[in-house]
Structures are given as C-alpha cells and as structure tokens.
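Here is the structure we will look at, set down as structure tokens.
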Amino acid sequence: MLPRGAGTSQSGQTVGLALVIDVSKHLNQIVELDTANRTVTVEPGIVLDQLNAQLKPHGLFFPVDVSTASQATLGGMAGNNSCGARSIRYGLMRDNVLTIDAVLAGGEQAQFGPIGPQGTALQGPEIYRRLTQSLIELANRESDEITTRFPKVHRRVGGYNIDAVLPPALQQREQNMAQLLVGSEGTLAFTRQLTLRLQPIPTHKVLGICHFSSFYQAMESTQHIVGLAPDAVELVDRTMIDLALDIPMYRDTLTRFLKGDPDALLLVEFAGEDPSHLHQKLSDLSILMADLGHPDSVVDIVNTADQRSVWEVRKSGLNIMMSMKGDNKPVSFIEDCAVPLEHLAEFTDRLTRIFEKHGTRGTWYAHASEGCLHVRPVLNMKSPEDVRKMRSIAEQAFSIVKEYEGSHSGEHGDGIVRSEFHPIMFGDRMLNIFEQVKETIDPGGLFNPGKIVNPPRMDDRSLFRYGPDYLDGKSPTQLDWSSWGGFAGAVEMCNNNGACRKRDAAVMCPSFRATGDETHSTRGRANTLRLALTGQLVPNAFSSNEMAESMSLCVGCKACKRECPHRRRHGPYEA
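Numbering (the numbering used here), first residue to last: 12 to 586.
Given below as structure tokens:
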C-alpha cells in the first residue's frame, strides 16, 4: 500500500509496486480548528495553499511553506518531513506536527503523539502501547549510536526519526511518536488525520535582493547574512535567471528588479510587526554587503505585491530549470545535500569541480540559509553513459557531505534515490536500527516497500522513466514540432511538477478542478500520451476509449500555455 498526495516528491517516494491510495480527492478537509491554541486538525489530502486560505481570516497560517504549496498535500509534506524557505525561523514539518491519527498494518487505529514522563501520555490500543515501548527501549539502548551518527545540521531528513523517542535530555524536546512518523515516507502507517501547530501571519515583510558577480561570493556571504536573523535567505543562480527571462510570466519581474548582470542572487526576507525595525534590517543588510566587498548591491522591495512576484520566480525554481529543451535535463539525485554554513562555499566549489570532471555542469537554487542547495547536474537519462556518471557523481558528492558532517538529504527525503546510501551516511549499525523500526511498526512490510530500508539501487534502470527498453516514439504529425526536438520531445517536457493540479485563482487546469482525477490533469494527459507513444500502454492505445476520455476533457482554454512553467499548451498535442 502506497499513500500518495500530489505526487510531486523528488526522490521516487510515490512510485512502486503497491496499491496507490490517492488521498487528494476525498481526504482533503479541515477537521477541527482551535484558534485559541493555534492548532488545526486536517485530513492528509488537503493542499497547503487551500489550508492557508481558510486560516487567513483568523490571522493564522501553517508556516512550512514549500515551493509546491499550490499542489502539495499536508500528508505528503509530513511523510517527506518537508521544510520550505523559512525553516530557519519556523522549523521543519517535524517541528510543526503535534499528533498523527494513523491506521496500522493490522487495521488498528492509533494516535501517535506525545509520550510523557514514563509513558504517562500513552493511550490507544494495546498494540500501539506495546510498539511504543519497544521503540523507546531501542532508542535508549542505541542512544550513543543515534546521537553520534545523526548529522549535526538542522536540515536532516534521512532515515527514520528514531531520535524522537530518545529521553528529552538527549534531544532537547519532548518525546513524540508523531515525529517518528514524520519523514517515514508512508512506510510505517496510513495517516488519517494530522494535528498541526499554527503561527500568526506576520504583519509586515520586506525583501532585499543581494546581487553577486560570482556564485562563490554568494555562498561565502550567506553565513554572515544569517547573522542578521532573516526569515529566509534563498539562492537564484545565473542559469535560473536566464531561463526565467525566457518565460513570459517571469520576465517582467526579473527585468524590473535585476541590477546589472549578476552571476547569483540571494533573496533575503525579514518579517515582523514593526515596519521601522524591518527597514533598519534592510539598511543593516546593505551595510553588511558593503563590508563584504559588495557595495550598492542590494535592491530593496517593500511593496507586498512586488515581493510576491519575486517569490513566485523563486518558488518555480525547479520548473524553470526543467524548461530546458532536449534530452539533457537537470537531474535530481544530489539536489538535497545540507552542510554547515561555514563549509557551504567550499562544498559548492568542490561539487562544481566534480561536475566539470564528468563533462557537465550544475544548476543551483534554494535554501542558502540552511546550507541546503538544490543542485542538479545536467544529464541525459536516456544515455547509459550518463547513468554511470550519475552514480559516480552521487558517490563523490555524498563522500564530501559526510566529510563535512552534513546530511545527504536535507528536505526531499530518501525514496528510491537516496535510501541505498544509508550504510555509507549512517553506518551499518544505524541501518539495522532503521530496519528494527520498520519491523516493529510494519512487520509484514505492507506500507510503501523499498523506501528507507531494503531499497533497490538508485541506478536500476528498470525503475527509470527512460529505461533500457524505452523507445523514442515517432509518429507522423500535421504540426511542426522540430523546435521541441520532435513530437516525443515535446511530450517529454512534462516533468510531473503538478502545477496543473493547483486550485488557486488561476485557470489551469479546469478539467482537473472539476473531477479531481489525475488522468484529467494536464500532467495526466501528458503521461498518457508519452506512454502510448512509446508502446507502454495497450496495443492501439491512441484509438482506445481510455485515451479518448483523457483527451476529451481538455477544454482548449490555453491556460497551460501561460501557467505551465514549460509553456506546455496541451491543445496542439491532441491535434
């Protein structure tokens, strides 16, 4: 059984040989809102933006602000231990989930939550009390190994959070079984409801855009900028700038606020209740940048609408990067490493040299404030040679991360991509502890097999979208697709980002909004076409009733031409 939200995870958590349970269509409601205590109980399929829209009239919001907020579900975010741009202030999902009402493999319901001194808070069925006691004993027995092996960085989401049941003195927080489920990627139990900690919406925000003539300077400056106590420090690199300038919905924003021809930008946000204090923070930022050798390099943005426009560019980072045409694409497999800030510049420099050694380059953006940059080497996953490069780059990159006592997963989790490397990053004994956690809670291996423990190799091509038997589908067309590398190249532009699943005030995609079915999203239609084109569906797939049903609900509104980050208008594909 594989619980699934929007299917936007980066590491293969939501694919596998299992019965996939899509919680986004029916389990998507607020169950209870407690404004006095600033908590909310929700079902796992509710989307973050939808939740915050309902919380806004109460002056509250859920602060784990992932870039996919318009489609990411809270259940998926908890399963992944998501973080977002402002984790430096608000923490990770683990820090903001209070309880989880879950169903165990045997069908028993249990509320995972605080344990209390000597288990005083334990309630629920006998099986839950028994497994909790077993995990406490495991954590106590292996406390030295756990505290020694877990990376000493804030952004650490690899493996199971067995440290959540360590004695409070060893983890500086109360014991809480819900925090063990957070980050477990649906491998331990099925989440029915989550109770979340809310925060008051900041009254005022300001944004400073710091310009740098070199990428290294931006990385070196980050450790000093965080000393000003910002809410966020986010990176935008030159590749992302150039690609965004070629996308109409982002071009105007960048041309208005770019200063000169920078090699990298850092977006620095301050939030609070006193506008004068925030303006002083911007002044302090400009002074600091001058002291670091970058005078007159900060563009101040105090207008709320302008800030929102800039953040939309940053939030679309992955989608912008993936708008590259052709078979060479930025590939996610080391995109989630986190290292201490004092090593960030050196880490990025060494990683760049590894890319150059393999005849490629990387694209960079995201959470500079936490030392967690989303870096993706540009590779062709249809090429066996580039698949070999992927493994070599991963092994060398993770070796450097371990040297710096960082984490090989700082936000996007393990999934298929990184679970294989747990013995290297955590050690064999720690891996055995993870296996005992799985055996204790899900002894039959019912939930999401092959993630975190007992994983396949990350370069097992039978798991790839473009496996060894993948055929570049060629079909005669009436339209000219040469600028996309042919019709197949155009179809393959969809990277499953799920922007077409959003339900905000925009238009895309009206058929999905009406039915809530994946097959009626632009993404669903793109995947249907790709599978049919490459012979992975039934014979005569193009003339099948299922193909007709999927395609017929496209209403030709053309919203995807503007709102899809890949400018992927679906209408011509049907033609």
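Glycine is no exception: its CB is placed at the ideal position from the N, C-alpha and C atoms. These figures come from a predicted structure and were not determined experimentally.
Contacting residues, own chain, Cβ-Cβ under 6 Å from V9 (five flanking each side not counted): With the chain covering 12 to 586 only, the question about residue 9 has no answer from this structure.
Rounded straight-line distance, which links the Cα of K336 to that of W492: What you label residue 492 is simply residue 481 of the sequence shown in a count that begins at 1. What you label residue 336 is simply residue 325 of the sequence shown in a count that begins at 1. Going from the Cα of W492 to the Cα of K336 covers about 12 Å.
Selection from T143, R541 and S494 that minimises the alpha carbon distance to C505: Reading the sequence shown from its first residue, position 494 is the one you call residue 505. For C505, the nearest C-alpha among the options comes from R541.
Sufficient close CB pairs (3 or more, under 8 Å) joining the segment 208 to 228 to the segment 337 to 355: no
Where P179 falls, given that 16 or more other Cβ within 10 Å makes a residue buried: Counting from 1 along the sequence shown, the entry for residue 179 is found at position 168. Flag for P179 reads exposed.
For L474, the nearest candidate out of Q21, I236 and V26 (CA to CA): Locating residue 474 in the sequence shown gives position 463, where the first residue counts as 1. Measuring from the Cα of L474, the nearest candidate turns out to be V26.
Alpha-carbon spacing of T371 relative to L276, whole angstroms: On the sequence shown, position 360 is the one that residue 371 refers to. On the sequence shown, position 265 is the one that residue 276 refers to. Spanning the two alpha carbons is a distance of roughly 22 Å.
Cβ-Cβ separation, F226 to D248 (assumed contact under 8 Å), whole Å: Here residue 248 refers to the residue found at position 237 of the sequence shown. Here residue 226 refers to the residue found at position 215 of the sequence shown. Confirmed, Cβ separation roughly 6 Å.
Range covered by the alpha helix (DSSP H) that runs through D295: Indexing the sequence shown from 1 puts residue 295 at position 284. Segment P286 to D302, the alpha helix (DSSP H) holding D295.
Residues near F437 in its chain [Cβ-Cβ closer than 7 Å; skip 5 each side]: Position 426 of the sequence shown, counted from the start, is the residue given in the question as residue 437. Correct list, in chain order: R160 and G170.
C-alpha distance - H222 paired with F344, whole-angstrom precision: In the sequence shown, residue 222 corresponds to position 211, counting from 1. In the sequence shown, residue 344 corresponds to position 333, counting from 1. If you take the alpha carbons of H222 and F344, they lie about 28 Å apart.
Close-in-space but distant-in-sequence residues of the same chain around L28 (CB under 6 Å, 5 per side omitted): Mapped onto the sequence shown, residue 28 falls at position 17. Cβ neighbours of L28 beyond the five flanking positions: none.
Beta-bridge partners of R541, as assigned by DSSP: To locate residue 541, count along the sequence shown from 1; it is residue 530. Its beta-bridge partners do not exist; DSSP assigns none.
Beta-carbon gap between V176 and I147 smaller than 7 Å: As a working mapping, residue 176 is identified with position 165 in the sequence shown. As a working mapping, residue 147 is identified with position 136 in the sequence shown. Result yes, Cβ atoms of V176 and I147 sit closer than 7 Å.
Short Cβ contact (7 Å threshold) for N39 with G56: For this step, residue 39 is matched to residue 28 along the sequence shown. For this step, residue 56 is matched to residue 45 along the sequence shown. Contact: yes.
Sequence-distant residues of the same chain with beta carbon closer than 7 Å to A586, five excluded per side: Indexing the sequence shown from 1 puts residue 586 at position 575. Only weak support is given to the placement of A586: the predicted model assigns it a pLDDT of 48, under 50, and the value that follows is read from those uncertain coordinates. If we look at A586 and ignore the five residues flanking it on each side, its Cβ neighbours are Q489 and L490.
Three-state class that DSSP yields for N323 in the structure shown: Here residue 323 is taken as the residue at index 312 of the sequence shown, counted from 1. Note that residue 323 corresponds to Glu in the displayed sequence, not to Asn. If DSSP states are grouped into helix, strand and coil, E323 belongs with the helices.
Range of the contiguous beta strand (DSSP E) that encloses L115: The count along the sequence shown starts at 1 and reaches residue 115 at position 104. From DSSP, L115 is part of no beta strand (DSSP E); its letter is neither H nor E.
Spatially closest choice to M558 from C571, K569, A570 and L544, by CA coordinates: Here residue 558 refers to the residue found at position 547 when the sequence shown is read from its first residue. Closest by alpha carbon: L544.
Classification of K368 by the beta-carbon crowding that lies within 10 angstroms, buried from 16 upward: Residue 368 sits at position 357 when you count from the first residue of the sequence shown. Burial call: exposed.
Validate contact between the segment 307 to 318 and the segment 62 to 80 using beta carbons, cut 8 Å, 3 pairs: no
With 16 other Cβ atoms within 10 Å as the buried cut-off, status of Q182: What you label residue 182 is simply residue 171 of the sequence shown in a count that begins at 1. So Q182 ends up on the buried side.
Endpoints, the beta strand (DSSP E) within which K449 is located: Within the sequence shown, the letter at position 438 stands for residue 449. Not the beta strand (DSSP E): K449 falls in the alpha helix (DSSP H), residues D439 to I452.
Completely contained alpha helix (DSSP H) runs for the segment 392 to 435, where each covers 4 or more residues: 395 to 414 and 426 to 429
Bridge partner(s) assigned by DSSP for N597: The requested residue 597 does not occur in the structure, where the chain is confined to residues 12 to 586.
Per DSSP, cross-strand counterpart(s) of H215: As a working note, residue 215 is residue 204 in the sequence shown. DSSP lists G283 as partners of H215.
Beta-carbon gap between E199 and A379 smaller than 7 Å: Position 188 of the sequence shown, counting from 1, holds the residue named residue 199. Position 368 of the sequence shown, counting from 1, holds the residue named residue 379. Residue 199 is actually Leu in this sequence, not Glu. For L199 and A379, no; Cβs fall outside 7 Å.
V77 vs V193 beta-carbon contact at 7 Å: Translated into positions along the sequence shown, residue 77 becomes position 66. Translated into positions along the sequence shown, residue 193 becomes position 182. No, Cβ-Cβ distance for V77 and V193 is not below 7 Å.
Helix, strand or coil at A586 according to DSSP, with G and I counted as helix: Here residue 586 is taken as the residue at index 575 of the sequence shown, counted from 1. Note that A586 scores a pLDDT of 48, beneath 50, so its modelled location is shaky; the value from the coordinates is reported in the next line. A586: coil per DSSP, three-state reduction.
The segment 348 to 360 in contact with the segment 230 to 246 per 3-pair CB rule at 8 Å: yes
Burial state of F10 (16 or more Cβ within 10 Å): Residue 10 is absent from the structure shown; the chain starts at 12 and stops at 586.
Length-filtered (4 minimum) alpha helix (DSSP H) runs lying within the segment 39 to 120: 59 to 66, 85 to 91, 98 to 101 and 104 to 107
Three-pair Cβ contact test at 8 Å for the segment 294 to 306 versus the segment 47 to 56: no
Residues that DSSP places opposite H378 in a beta bridge: As a first step, residue 378 must be located in the sequence shown, where it is residue number 367. For H378, which the question treats as bridged, DSSP gives the partners E245 and C383.
Distance between S98 and V217 (C-alpha atoms, nearest Å): The count along the sequence shown starts at 1 and reaches residue 217 at position 206. The count along the sequence shown starts at 1 and reaches residue 98 at position 87. Cα to Cα, the separation comes out at about 17 Å.
Where Q489 falls: helix, strand or coil (DSSP): Residue mapping note: residue 489 aligns to position 478 of the sequence shown, counting from 1. If DSSP states are grouped into helix, strand and coil, Q489 belongs with coil.
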